[in-house]
Amino acid sequence: MRHYVLSRLAQSVLVVLLSLSAVFGMVRLGGDPVLLFLPMDIQAKDVNEIRQRLGFNDPLLVQYGRFMAGAVRGDFGQSLRYRRDALGLVLERLPATLLLAGSAIALTLVIAVPLGVLTAVRRDTLVDHVGTLATVLGQATPGFWLGLMLIYVFSVQLRWLPTGGTGTLAHLVMPSVVLAAFFAARVARLTRSATLDVLGEEYITTARAKGLSEARVIAKHTLRNSAIPIVTLAGLEAGQLLGGAVIAETIFAWPGLGRLTVQALLNRDFPVVMAAVSFTSIIFTLMNLAVDLSYGWLDPRVRVRA
Amino acid sequence: MKKYLGLALTLAALLAALAAPWLTAHDPLLADFGATLQPPGTPGHPLGTDQLGRDLLSRVLHGARLALFIGLCTAVLTAIAGGLLGLVAGFVERWPAAVLMRLADVQLSFPFILLALTINAIVGLGLRNIILSLSAAGWVVYARVVRSEVLTVKQRDFVHAAAALGVGRTRLLFRHVLPNVAPSIVVVASLQFSQFIVAEAAISFLGFGIQPPTPAWGSMLSESRDFLYVAWWLAAFPGAALALTALGVNLLGDWLRDRFDPKLRV
């Protein structure tokens, strides 16, 4: 187990370093960041002075070295727009995104897991068909359209909820629903298929043959065993919430990491883009690592194989 | 059920895309300031008009054209690039496989939509660039699936037999291994297709990708936000078209998977 943990850790560190390099490469591929950021009518002399000051006149390799050396210490430079530490801006926005993602995950657990179990247990009945249709629709509905429709119904027509912003619990409702919709649909489908797999096992037949009540068969014998694939796959999928947050936060003017990233991209504020994208990638990698390690902990066979 | 609904929706989208110019009498770009923000059901404009008086039905139909074109180009590009890389990585092993799989790890350390969005914001706007950005972000799924399939297929007896008969490595790869992994490539492509369409719309919605006045569903939805209080139809119809198209292609992909490759996880 120790060997497994250490090798996965080393792998993650390598991935993080390579991802940081990828972020640098991506941003530099687009050409001269200074020219893209500055207004069109600026004098060539001023451009050169800014380039000099920001270090864009150095050889690319030197710039890369400087970026990496800064990045591993959490220093992505100053925001071109706000003249503040780029990582500081990112960290400031993090709690809002975590709150949003947390409530989306909570919604998913409360709705999707019971729905998945129910549709599996009542397979091929009306409940199953309606539930499956709901999950298929949930997966196909684009979050930004769902968001607009929710705003139309609950803000424009009914005037129950604010169209955007933050502050009260009411502000949290629509963004979390939009963020949760796709994820919840995925988790419900995963839960259904994982539960169906376990229900086909011989030990379930045995449990039923022993005369256990159906509720007990489901709660104790089925759910415990279907939990492993559900936790793993849901954990891996949860990282995509960080991508979904980009959209949900933009629609509802939620002051999180996703909205910061979109604004930085629109403003061509590259230090902030680099900080935000790198930070998201690091969280994503850590989540994958946590899922892998918990998988090894939940299922001893993984340890042995590793 | 899955099959028929999927087929019906996909065919409807395809028909809308191919026949858009003949299905409506209006030019999707032609403004008519005498008839702005007309509600659905207005004579001559079944789905109403937008803030510039452009016919919404015509714009939604032309949007199908753009969405399917982008989805198709991206699915084919990623299938070729990811498929080839996966084939080579699975077949050659050693360092190409190691390099490719590290590259895949790195790409998978970014949420798909964030990666596609960032690449697009950097390479620039427009049709060609959105296809390239989505492809650059999307090839990795094929590479992974194809590689793992190749690893099992090349252990099968008929591959060993062909090798023993003196079939060259290139021929072995393309004539004996490729046909056996091709179904998986098709299944992955069909499942990815709807993801690409939705991602394109999302990126255009956020202000990158396809720009107004081109009738792309995403940029139409983005513009509709300013008129949500007065013209619900501007948000409702392009979004419904997008959702139904994504649903249709998804169902079709699901059905293909159940039919050809039930164990595949994408």
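Just so you know, the protein sequences line up as chains A and B, in that order.
My numbering applies: residue 100 is where the first sequence begins, and numbers increase by one.
My numbering applies: residue 848 is where the second sequence begins, and numbers increase by one.
Built from N, CA and C at the ideal position, the CB exists for glycine as well.
Note that the structure is a prediction, hence the values are computed from the model and not measured.
- Within the model, the alpha-carbon separation for T1092 of chain B versus A860 of chain B is close to 6 Å.
- Taking 4 residues as the minimum length, the alpha helix (DSSP H) runs contained wholly in the segment 116-190 of chain A are 132-136, 143-153 and 159-171, in order along the chain.
- Taken in chain order, the unbroken stretches of alpha helix (DSSP H) that lie wholly in the segment 1053-1098 of chain B and span 4 residues or more are 1064-1071.
- For H892 of chain B, DSSP records a beta bridge to B:T889.
- In the structure shown, D902 of chain B adopts extended strand secondary structure according to DSSP, grouped into three states.
- In this structure D1073 of chain B is exposed. Its beta-carbon is surrounded by fewer than 16 other beta-carbon atoms within 10 angstroms.
- Not flagged as an interface residue toward chain B: A211 of chain A, since no C-beta distance is shorter than 7 Å.
- The closest CA to that of T218 of chain A, considering only A:L208, A:V209, A:G230 and A:I210, is found on A:G230.
- Each of A:A168, A:I382, A:V371 and A:L332 was checked against the Cα of Y394 of chain A, and the nearest Cα belongs to A:L332.
- Taking 7 Å as the Cβ-Cβ cut-off, the segment 330-349 of chain A approaches chain B at G338, Q339, L341, G342, V345, I346 and T349, given in chain order.
- Looking at the backbone, the Cα of M948 of chain B and that of L894 of chain B are separated by about 49 Å.
- The alpha-carbon separation between S118 of chain A and M373 of chain A amounts to approximately 11 Å.
- In the three-state reduction of the DSSP assignment, E336 of chain A falls in the helix class, which pools H, G and I.
- For E301 of chain A, the uninterrupted alpha helix (DSSP H) run begins and ends at E301 to A308, by DSSP.
- For the set B:G1100, B:D1105 and B:F1055, the Cα lying nearest the Cα of L856 of chain B is the one of B:G1100.
- Look at T999 of chain B: its C-beta is not under 7 Å from any C-beta on chain A.
- Beyond the five residues adjoining it in sequence on each side, A951 of chain B comes within less than 7 Å, by CB distance, of V987, A990 and R991 in the same chain, given in chain order.
- Of all residues in the segment 264-283 of chain A, none has a C-beta nearer than 9 Å to a C-beta of chain B.
- P1085 of chain B and G910 of chain B have their C-alpha atoms spaced approximately 8 Å apart.
- DSSP, reduced to helix, strand and coil, places T240 of chain A outside both helices and strands of the structure shown, so it counts as coil.
- Residue state for R221 of chain A is assigned as coil, using DSSP reduced to three classes.
- Taking all protein chains in view, the Cβ of D902 of chain B is crowded by 16 or more other Cβ atoms within 10 Å, so the residue is classified as buried.
- Excluding sequence positions up to five before and after N967 of chain B, its CB lies within less than 7 Å of the CB of N976, I977, S980, I1050, F1055 and G1056, all in the same chain and listed in chain order.
- If you draw a 10 Å sphere on the C-beta of I1032 of chain B, you find 16 or more other C-beta atoms in it, and that means buried.
- Excluding sequence positions up to five before and after G215 of chain A, its CB lies within less than 6 Å of the CB of A287, T290 and R291, all in the same chain and listed in chain order.
- Annotated three-state conformation of H909 of chain B is helix, per DSSP.
- In the displayed model, K319 of chain A falls within a helix according to three-state DSSP.
- Under a criterion of Cβ atoms nearer than 9 Å, no residue of chain A is adjacent to D897 of chain B; the nearest Cβ is some 15 Å distant.
- A Cβ-Cβ distance of about 7 Å is found for the pair G881 of chain B and G900 of chain B, placing them in contact under the 8 Å criterion.
- The beta carbon of P1059 of chain B sits no closer than 7 Å to any beta carbon of chain A.
- Within its own chain, the residues whose Cβ lies closer than 8 Å to the Cβ of W1102 of chain B, once the five positions on either side in sequence are excluded, are K849, K850 and G853, listed in chain order.
- Annotated three-state conformation of T331 of chain A is helix, per DSSP.
- With a threshold of 7 Å between beta carbons, W1079 of chain B makes contact with chain A.
- Distance check between P1030 of chain B and each of B:P886, B:Q885, B:H873 and B:G930 places B:G930 closest, using alpha-carbon atoms only.
- In the assembly as shown, T267 of chain A is an exposed residue. Its beta-carbon has fewer than 16 other beta-carbons within 10 Å.
- Under the three-state reduction of DSSP, T999 of chain B is assigned to helix.
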